[in-house]
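Presented below is the structure to which this report refers.
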Amino acid sequence: MYYISAFVAVIGVVGYQFFVKRVPESINPIVSVIGMYVAVLAISIILLPFIPPDGGILKHIRQLNWIQLALAVSVIFIELGFLLMYRYGWNLSTGNLITGVFVHIILVVLGITLLGEKVKSDQHHRNYTEHY
Numbered sequence: 671m672y673y674i675s676a677f678v679a680v681i682g683v684v685g686y687q688f689f690v691k692r693v694p695e696s697i698n699p700i701v702s703v704i705g706m707y708v709a710v711l712a713i714s715i716i717l718l719p720f721i722p723p724d725g726g727i728l729k730h731i732r733q734l735n736w737i738q739l740a741l742a743v744s745v746i747f748i749e750l751g752f753l754l755m756y757r758y759g760w761n762l763s764t765g766n767l768i769t770g771v772f773v774h775i776i777l778v779v780l781g782i783t784l785l786g787e788k789v790k791s792d793q794h795h796r797n798y799t800e801h802y
């Protein structure tokens, strides 16, 4: 799952960037985001039986907290930011690259200062390749 999860994330980011660039300029950006999340809700409900929550869904609903609200605000910023960037002339090939550089630098700093992470190589990959 280590590599599969990364593969799923890459496919998601590439698909996201490609399709957000193709949202018609005639649609209101907020309406576009609402439509997308209605679809996300429907797809998530369909997928829930395939990844059932241990102990039942109510156990997991009770664990929802302010983090989900913070994520929702972050996602809205992502959605609107990229949608508006592409509408106002950013190219697919550079928009994500430029923002990605800044995002990665900021995340390294946050990981080190707020989460106590250490910058290191992929230890899991190194152990796997040394074993074989």
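In our numbering, the protein residues as written are 671 to 802.
Think of the CB as a built atom: it goes at the ideal place given N, C-alpha and C, for glycine as much as any other residue.
Residue 789 and residue 778 do touch by the CB rule: their CB atoms are close to 6 Å apart, below 8 Å. Residue 761 sits exposed, since fewer than 16 C-beta atoms from the chains shown fall within 10 Å of its C-beta. Here DSSP, grouped into helix, strand and coil, assigns residue 757 to helix. One Cα belongs to residue 699, the other to residue 754, and the distance between them is close to 8 Å. In this chain, the alpha helix (DSSP H) harbouring residue 706 covers 699–717. If you ignore the 5 residues before and after residue 765, its C-beta comes within less than 6 Å of the C-beta of 755, all in its own chain and listed in chain order.
A residue is called buried when at least 16 other Cβ atoms come within 10 angstroms of its Cβ; residue 690 meets this threshold and is buried. In the DSSP assignment, residue 790 falls outside any alpha helix (DSSP H) and carries neither an H nor an E.
For residue 745, the three-state secondary structure derived from DSSP is helix.
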